Amino acid sequence: MSYQTSAAWNELNNQFLTIAINWIYLHLIAYLENNQDTEKTIDETSIHNTKQRLAKYVTIDPPPAFVKLSHHFGLSPFEEFILLLCIATEINPSLSSLYAQAQGKLYPTFALATSLFDHPDWKALSPQSTLRYWKLIEIHRSPETPLTVSPLRVDERVLNYVQGVNYLDERLRPFVYYIPINEQMVNLPPSQQKHVDKAIWHVRHKSNQDSTLLPSYKPYPIFQLVGIDSISKQLIARQIATELQVQFYTLPINLIPSTAKDLDDFARLWHREGFFLPLVLYLDAHDINPSNTNNIFDQIQRFLSRSGGLFLLNTRDTWHGLTQTNYVLDIKKPTPAEQIVAWEQMLPTNTTYTPAQLSGQFNLNISSIYQITQNINQADRHEASNHPNKLWQACLAYTRPRLDKLAQRITPKATWDNIVLPKTERIILQHISNQVSQRSTVYEKWGFRKRSSRGLGMTVLFAGDSGTGKTMAAEILANHLNLNLYRIDLSSVVSKYIGETEKNLRQLFDAAEDGGAILFFDEADALFGKRGEVKDSHDRYANIEVNYLLQRMESYQGLAILATNLKSGLDDAFTRRLRFSVVFPKPNETSRQLIWGKIFPPETPLAELDCRFLAKKFKLTGGSIYNIALNASFMAAVDNSPVTMHHVLQAIRVEMAKDERLMNEKDFIWATTGDV
Numbered sequence: 001m002s003y004q005t006s007a008a009w010n011e012l013n014n015q016f017l018t019i020a021i022n023w024i025y026l027h028l029i030a031y032l033e034n035n036q037d038t039e040k041t042i043d044e045t046s047i048h049n050t051k052q053r054l055a056k057y058v059t060i061d062p063p064p065a066f067v068k069l070s071h072h073f074g075l076s077p078f079e080e081f082i083l084l085l086c087i088a089t090e091i092n093p094s095l096s097s098l099y100a101q102a103q104g105k106l107y108p109t110f111a112l113a114t115s116l117f118d119h120p121d122w123k124a125l126s127p128q129s130t131l132r133y134w135k136l137i138e139i140h141r142s143p144e145t146p147l148t149v150s151p152l153r154v155d156e157r158v159l160n161y162v163q164g165v166n167y168l169d170e171r172l173r174p175f176v177y178y179i180p181i182n183e184q185m186v187n188l189p190p191s192q193q194k195h196v197d198k199a200i201w202h203v204r205h206k207s208n209q210d211s212t213l214l215p216s217y218k219p220y221p222i223f224q225l226v227g228i229d230s231i232s233k234q235l236i237a238r239q240i241a242t243e244l245q246v247q248f249y250t251l252p253i254n255l256i257p258s259t260a261k262d263l264d265d266f267a268r269l270w271h272r273e274g275f276f277l278p279l280v281l282y283l284d285a286h287d288i289n290p291s292n293t294n295n296i297f298d299q300i301q302r303f304l305s306r307s308g309g310l311f312l313l314n315t316r317d318t319w320h321g322l323t324q325t326n327y328v329l330d331i332k333k334p335t336p337a338e339q340i341v342a343w344e345q346m347l348p349t350n351t352t353y354t355p356a357q358l359s360g361q362f363n364l365n366i367s368s369i370y371q372i373t374q375n376i377n378q379a380d381r382h383e384a385s386n387h388p389n390k391l392w393q394a395c396l397a398y399t400r401p402r403l404d405k406l407a408q409r410i411t412p413k414a415t416w417d418n419i420v421l422p423k424t425e426r427i428i429l430q431h432i433s434n435q436v437s438q439r440s441t442v443y444e445k446w447g448f449r450k451r452s453s454r455g456l457g458m459t460v461l462f463a464g465d466s467g468t469g470k471t472m473a474a475e476i477l478a479n480h481l482n483l484n485l486y487r488i489d490l491s492s493v494v495s496k497y498i499g500e501t502e503k504n505l506r507q508l509f510d511a512a513e514d515g516g517a518i519l520f521f522d523e524a525d526a527l528f529g530k531r532g533e534v535k536d537s538h539d540r541y542a543n544i545e546v547n548y549l550l551q552r553m554e555s556y557q558g559l560a561i562l563a564t565n566l567k568s569g570l571d572d573a574f575t576r577r578l579r580f581s582v583v584f585p586k587p588n589e590t591s592r593q594l595i596w597g598k599i600f601p602p603e604t605p606l607a608e609l610d611c612r613f614l615a616k617k618f619k620l621t622g623g624s625i626y627n628i629a630l631n632a633s634f635m636a637a638v639d640n641s642p643v644t645m646h647h648v649l650q651a652i653r654v655e656m657a658k659d660e661r662l663m664n665e666k667d668f669i670w671a672t673t674g675d676v
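If you count the sequence shown from 1, position 512 lands on 512 in my numbering, and the numbers rise without skipping.
In structure tokens, the structure reads:
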């Protein structure tokens, strides 16, 4: 990204460089005439008058680029002269012949500079001098060449800058990315704008400057933007850059140089860039946990300590080990009320959902709401008909990608008609559904959000043997509420490595926050067993992981369902924090008969099936009955016939053999068709 200048300034800058190169030329001619004992064409007056002409440009606002550079870096007169000596030969290569006449070499050297200038200073050549520390000049030295006669060259970035060509150093481009601050910018809600105001105040206070454009090279406090919503954090960071009128660059932490030398060079170049361009660097370390990745943390700390300017640090949690002055901005998504306002401002006019309904279910940042509504509006221009449900579906689709990488998405197909449960358990399921759908009304309109000391999450326990309907019940809720359903096998989330389970759970809940998906944690016994006495670090971390999951479930705004085979195996402290508990009993004979009566789809050709006989003779769960119905249908398809009792009884044998269950041959004798 380059920094634009006016035509008038460009003309003024070129005039200054012409005079400055002429000043160098006069020094060279005077030196040659003095040493060659020829007629003097240049006297001290000519050199002095040219210098006075250059001095007049110092008071011009804005000044020429070289004047500004010298002021920023605090160059001494001799350092200015060395730098101009290097610049002059790049702009006017014909000067090389004069360099050769003066010293026998076609390029500028430190020895030549000391010969031409009245008051040379050896310190200008030291590694810590301004010219060399900030890499304004380069010394191309071979082992056999003395330092004072080694070639000097102006750094390419510096050369372009003094000629009015101001763009980011090419050596920084592999690491940082420029993001236009006016691209897809939306108005921040008050709860997020306050963080911008706080940062701006601290920056102004530190710089003691009220003007809009601040010097980017000065040391400023580091601002940690903490929270799970990276999109909101970047929006806030870009708004800070907008109000400070600086360019916005982002540095993914994985791109930071790994070796000490490369890192120091990168830090210095970035710091130097702040003298040339108004900019801010956004360090994206959202996925970095300093306690687990000390090397990366040390690299960031080294970079920050060796560089300068304004840094905004994107972290998931607060980093407490930073040695620099820093302020923590705890970034959260817009409040429900602010999300409602955003939906009201951006919603298409033909939607069937109210802003309150959308805000109640989807916890989205401003950028996401903007993107979803833009997509809907664009689709409206190309589609003749509008599906009343498409806005809701667009929200679901927008929130899926992150979760799809972490959990198994289940497409819910089951309905209330498919499940057979006792009346009490069925009523509890309906209460769960009602509380999810009416959450916005109760928490927001009726004020219960203000009264809740815990989070607003709804955690539900489904307990029962395999095949009793736990997964089907989760599908029914997701289908009825029109929500995404994700299955998480907790036995695969739990890691033998200390701290990894918490990391896995964090990624999962962070990804789920946007869409309020139903999270179905299967095999909950793997993590929620009774917590025993802490005997070693693994026991201590196991308890931490359980506590972390309980905390995240309570703060999660969606529905979290934990499925277990044995309710009695769960920690009492955990069960007290449940909103609902649904026990899925093994179906009794009456329930089994109902299940047999509705297990086959209407399209399946059936002969007369004795559902009463099947329910009485075989004590099966709903899951087993489904497997039997499916296998019997395949057997009938092979026979090219309707499904008969013969097929069903054969399929029962297969299912019971799979489960290694004892079979009583008398149970397979059916009065109408005989034994199987």
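C-beta: ideal position from N, C-alpha, C; glycine also.
Just so you know, these numbers come straight off a predicted model, no measurement behind them.
Close CB contacts of E444 within its chain, under the 6 angstroms cut and outside five residues either way in sequence, are with P336 (chain order).
Measuring C-alpha to C-alpha distances from D264 to each of F223, N22, S307 identifies S307 as the nearest. Boundaries of the beta strand (DSSP E) harbouring Y486: 485 to 489, taken from the DSSP string.
The alpha-carbon of E608 is positioned some 31 angstroms away from that of E425. When rounded, the separation of the alpha-carbon atoms in N49 and A20 is 12 angstroms. DSSP places L578 outside both helix and strand once states are collapsed to three, so it counts as coil.
Taking C-beta atoms as the reference points, Q557 and G467 fail to come closer than 8 angstroms. Between L481 and S440, the CB-CB gap reaches or exceeds 8 angstroms. Under DSSP, Y177 takes part in a beta bridge, and its partners are T250. Distance from I518 to A563 at the Cβ level is roughly 12 angstroms; contact not present, criterion being Cβ atoms closer than 8 angstroms. Separation of L578 and F520 (C-alpha to C-alpha, rounded to the nearest whole angstrom) is 14 angstroms. Remark: three or more beta-carbon pairs, one from each stretch, lie closer than 8 angstroms, so the region 236 to 256 and the region 273 to 284 are flagged as touching. DSSP, read as helix, strand or coil, puts W596 in helix. Under the three-state reduction of DSSP output, E138 falls in the strand class. Our two residues, A111 and D155, have alpha carbons roughly 19 angstroms apart in a direct line. When DSSP states are grouped into helix, strand and coil, L620 belongs to the coil group.
DSSP, read as helix, strand or coil, puts I21 in helix.
Counting of Cβ neighbours within 10 angstroms places V648 among the buried residues, the total reaching 16 or more. G622 and S555 have their C-alpha atoms roughly 34 angstroms apart. Restricting attention to M645, A636, V420, the CA atom closest to the CA of K586 is found in V420. Beyond the five residues adjoining it in sequence on each side, S591 comes within less than 7 angstroms, by CB distance, of V420 in the same chain, given in chain order. Here the alpha carbon of T130 sits roughly 7 angstroms from the alpha carbon of A124. The DSSP-derived three-state label of D229 is coil. When beta bridges are read from the DSSP output, Y282 appears opposite T250, L312.
In this structure, N326 sits away from D229, with a CB-CB distance that is not shorter than 8 angstroms. Scanning P601, D118, Y107, L172 for the CA closest to the CA of R141 turns up Y107.
The beta carbon of A241 sits closer than 6 angstroms to those of I181, F248, V280, all from its chain and outside the five residues before and after it, given in chain order. With 16 or more neighbouring CB atoms inside 10 Å of its own CB, T89 falls in the buried class. Boundaries of the alpha helix (DSSP H) around V341: 336 to 346. Buried is the label assigned to L508, since at least 16 other Cβ atoms lie within 10 Å of its Cβ. Under the DSSP definition of a beta bridge, D330 partners with V226.
For R661, there is no enclosing beta strand (DSSP E), as DSSP gives it neither H nor E. When rounded, the separation of the alpha-carbon atoms in Y57 and P63 is 6 angstroms.
When the beta-carbon positions are compared, Y282 and L329 stay at least 8 angstroms from each other. Here V493 is buried, its C-beta having at least 16 other C-beta atoms within 10 Å.
Across the set R402, Y370, G227, Q361, the C-alpha of G227 shows the shortest separation from the C-alpha of T315.
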